[in-house]
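In this note's numbering, the protein residues as written are 348 to 599.
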């Protein structure tokens, strides 16, 4: 059996209870060494084979899984955050399907949730933004043309941008071209929930300058939108005394 496990955003205690238990039981672990906190490997049992997938190809990862399966061993494929976001898990699962190898998937806490925690931020403030767009700039890996930064920016919703720290000048240009104001609040969160986490509030127009001043070149998320810095928003209807819900009648 192969277990795909989300490691969480960085802090070792932010892995799920289920994910921790799977790590403790694994005979073989393949972990994303460039992003997963190595302290998570302290949860493993004494006799466990560990592979760093940062130095491996897809084919090599599958070979390790096949070998473990043939030997009757349990494998954990440990991905950063929640691997449903930029985790490249589907291609692994498709090959395992072809080979008749069983697997399951244990969700994790995504780094975009860790970044919100770092800033004590709510992404969906009433009357400000009720949607969160998770995306990235195209670099060496392309993005479908219909999903350009400019097209998403037209909505002025909350946007969380992964894998784009080295392209912030171009990112700012496209965000403004698409519809965000230059002074729209923004944030850069470096290594959310790690011990060396850093966070900076800026604007769409000062993203590149802020990153340069603080020497942030990778492993950061950018959060765009008025939810980053506003004190004016509507109160939630859920707890409004004048609003009737399934569980509570309005007071008036």
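Just so you know, even glycine gets a beta-carbon here, dropped at the ideal spot from N, CA and C.
Who does residue i pair with in a DSSP beta bridge?
| i | result |
| --- | --- |
| residue 454 | Residue 454 is not bridged to any residue. |
| residue 545 | 537 |
| residue 399 | 378 |
| residue 568 | 536 |
| residue 351 | 424, 452 |
| residue 482 | 508 |
With H, G and I counted as helix, E and B as strand and the rest as coil, what does DSSP make of residue i?
| i | result |
| --- | --- |
| residue 509 | strand |
| residue 551 | helix |
| residue 598 | coil |
| residue 460 | helix |
| residue 528 | coil |
| residue 556 | helix |
| residue 435 | coil |
Where residue i and residue j are concerned, what is the direct C-alpha to C-alpha distance, given to the nearest angstrom?
| i | j | result |
| --- | --- | --- |
| residue 562 | residue 523 | 23 Å |
| residue 360 | residue 599 | 45 Å |
| residue 533 | residue 468 | 12 Å |
| residue 460 | residue 503 | 20 Å |
| residue 500 | residue 527 | 6 Å |
| residue 529 | residue 552 | 5 Å |
| residue 518 | residue 542 | 28 Å |
| residue 348 | residue 411 | 12 Å |
| residue 474 | residue 581 | 6 Å |
| residue 536 | residue 422 | 32 Å |
| residue 560 | residue 576 | 21 Å |
| residue 353 | residue 496 | 27 Å |
| residue 351 | residue 425 | 6 Å |
| residue 483 | residue 597 | 43 Å |
| residue 566 | residue 584 | 37 Å |
| residue 540 | residue 589 | 38 Å |
| residue 414 | residue 404 | 16 Å |
| residue 472 | residue 418 | 52 Å |
Under 8 Å by Cβ, that's how I've got residue i and residue j pegged, so tell me the actual separation to the nearest angstrom.
| i | j | result |
| --- | --- | --- |
| residue 554 | residue 515 | 4 Å |
| residue 446 | residue 374 | Between residue 374 and residue 446 the Cβ distance is about 18 Å, and since that is not below 8 Å, they are no contact. |
| residue 390 | residue 371 | 6 Å |
| residue 570 | residue 507 | 6 Å |
| residue 481 | residue 432 | 6 Å |
| residue 574 | residue 476 | 5 Å |
Notebook entry, point to check: Does the segment 364 to 384 come close enough to the segment 398 to 408 that 3 or more CB-CB pairs lie under 8 Å?
Noted result: yes
Notebook entry, point to check: On the three-pair Cβ rule with 8 Å, is the segment 430 to 449 touching the segment 362 to 371?
Noted result: no
Notebook entry, point to check: Does the segment 449 to 457 come within contact of the segment 428 to 441, defined as at least 3 CB pairs closer than 8 Å?
Noted result: yes
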